[in-house]
Structure formats: C-alpha cells, structure tokens
Amino acid sequence: MENDKVVSILNDLLTKNYDAEKGYKEAAEKIEHTSLRGYFENQSKNRYDFGHEIKGLISKYGGEPDKGTSLAGDLHRTWISIRDAFATGDQAIYDECIRGEEAFSEEYGDVLEDAVLPQDVRDTVVKQKLSVDKALASLRVMEGFTS
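Structure below.
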C-alpha cells in the first residue's frame, strides 16, 4: 500500500479519535453518575492516547497529522449529538456513548476489512479496535447505572 493511502486512513482514524475524546470529555462533564463520570474520563484519555499512537505512525509514513475534528464525518455527528442529549439526563448521555462506540468499532472494522495495511499499522488498529470493543462491552454492563 502506498504511504499516502496509509496516511489518509490513519488521519481519518485520528480525527475520529479526536471526536471520541471530545465526546467522552463532554459526557464526563455533564453526567451526574460518579462511576460513569470516571469511566468517561478514562475513555477520553484512552482516545487521547490512541491519537498519539496514530500520530506516530502518520509521521513514520511521511505524513502530517490532522489537527482537529472532522465536521464531515459520520462519527463526528454521532458524538456531537451527545450535546443534544444533555438536556434529557444520564440515560440519554449513556445511550449516545453506546451509539458512538458502536460506530467507532464499525469504523475500525471497516479499515481492517478494506485496507491492505503495513503490519505495524494493522497491529495498532487491531489493538485499538479490541480496546473500543472492550469499552463497548463495559458500557453495556453499566446500563443499569443510569436509572
């Protein structure tokens, strides 16, 4: 795979990580349940860490990391809808986080299915997808916390 294509794929994941990081941060600031707040803060940090891993790979493959969120991405719109959920309480925030993680997991899966990636990039994407899937499973277990 050409380096430009690798960089493009990685920058797309990077902007979506920015979106998820910001979405979790906003959710943590607005949710009342303290256990979920701590969980959301931790997930925001995880997405920040994912971004740094991806930035390193982008640089390795000769690219320039994107600097901010993508207004055009579907995942961005999913996370933006968290703002609309704040007025309706913890359950709505929780539901938006579930939807965001489902979309995020699907995005990572699409990258792994559609792209012939260098092994180091594939390893990072697989590791991050497993972490997203674990976060999604954990969120589903916590569903009763919002009641």
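Counted the way UniProt numbering counts, the sequence shown spans residues 1 to 147.
Glycine included, every Cβ here is placed at the ideal spot set by N, Cα and C.
Quick caveat: nothing in here was measured; it's all calculated off a predicted structure.
8 Å contact criterion, which residue i and residue j should meet: CB distance rounded
i: Arg-132; j: Glu-101; result: Arg is not the amino acid found at residue 132; the sequence shown has Val there. Yes, they are in contact, since the Cβ atoms of Val-132 and Glu-101 sit about 6 Å apart, within 8 Å.
i: Gly-51; j: Glu-21; result: 7 Å
i: Lys-45; j: Leu-14; result: Contact doesn't hold; Cβ gap of about 16 Å is too wide.
i: Asn-17; j: Arg-37; result: At roughly 21 Å, the Cβ-Cβ gap does not stay under 8 Å, so Asn-17 and Arg-37 are not in contact.
i: Asp-9; j: Val-111; result: Looking at the sequence provided, one finds Ile at residue 9 rather than Asp. Contact holds; Cβ gap of about 6 Å.
i: Asp-95; j: Ile-31; result: In fact, because the Cβ distance is near 12 Å, the residues do not count as touching under 8 Å.
Residue environment, residue i, which counts as buried when at least 16 other CB atoms sit within 10 Å
i: Ala-72; result: Legend: pLDDT at Ala-72 = 46, less than 50; position of this residue unreliable, value from coordinates given subsequently. With fewer than 16 other Cβ atoms within 10 Å, it is exposed.
i: Thr-34; result: exposed
i: residue 165; result: The structure shown does not extend to residue 165, since the chain is modelled only from 1 to 147, so the question has no answer here.
i: residue 155; result: The structure shown has nothing for residue 155, since the chain only spans 1 to 147.
i: residue 178; result: Not covered by the structure: residue 178. The range shown for the chain is 1 to 147.
Segment limits, alpha helix (DSSP H) that includes residue i
i: Ile-93; result: 90-114
i: His-52; result: 34-60
i: Leu-136; result: 119-141
i: Lys-67; result: No alpha helix (DSSP H) contains Lys-67, which DSSP labels as neither H nor E.
i: Glu-29; result: 3-30
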